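The next block holds one structure in the form of structure tokens; read it before the comments.
In our numbering, the protein residues as written are 2 to 165.
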């Protein structure tokens with residue numbers, strides 16, 4: 002009898018690993034970008050211009066893709082599921098601010114005036130945005146019982162399309 006009880010738990014664990022949910026995917030993106038910003042802050046004085054440029058371009062690419070899937074897939078679903086238009090409006094305004102800094106950074110060189118400062122401010126914007134999503138928005142979306150696995154499939158598919 003104990004074997005039977007153990008099997009569903011393993012099956013469930015396996016299925017949850019094979020079928021990620023949207024919030025987990027977005028949280029993984031957050032962790033990845035946070036790590037890159039920490040690397041930048043730790044190493045900005047030690048990196049040469051090429052290394053710095055490559056890291057910042059990677060940060061910009063990750064953020065661009067992340068904001069795209071949030072705006073195209075996650076936020077519309079969240080708007081329908083939770084009655085918090087202000088929370089979602091603020092998130093989109095935060096995205097617009099981040100996109101502006103990303104655009105500026107993509108047209109700059111690491112030795113340009115204010116380059117490092119803009120990367121740092123972008124990191125601060127992102128950190129604020131991530132905290133709001135993870136502490137306020139995501140718990141409300143979880144309670145709304147959205148099909149987070151289906152949203153994850155859409156997010157993964159959109160990311161694949163974007164990088165092709």
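The beta carbon of each residue, even a glycine, is placed where N, CA and C say it ideally should be.
Here the structure is a predicted model, which means the values were calculated and not measured.
Item: Taking the straight line between their C-alpha atoms, what separation do you get for residue 100 and residue 146?; Value: 30 Å
Item: Does residue 16 come out as helix, strand or coil in the three-state DSSP assignment?; Value: Note that residue 16 scores a pLDDT of 38, beneath 50, so its modelled location is shaky; the value from the coordinates is reported in the next line. Residue 16: helix per DSSP, three-state reduction.
Item: Alpha carbon to alpha carbon, how far is residue 77 from residue 84?; Value: 12 Å
Item: For residue 96 versus residue 73, is the C-beta distance shorter than 8 Å?; Value: no
Item: Return the first residue and the last residue of the alpha helix (DSSP H) that residue 98 is part of.; Value: 86-107
Item: Taking only the alpha-carbon atoms, compute the straight-line gap between residue 150 and residue 91 and give it to the nearest angstrom.; Value: 25 Å
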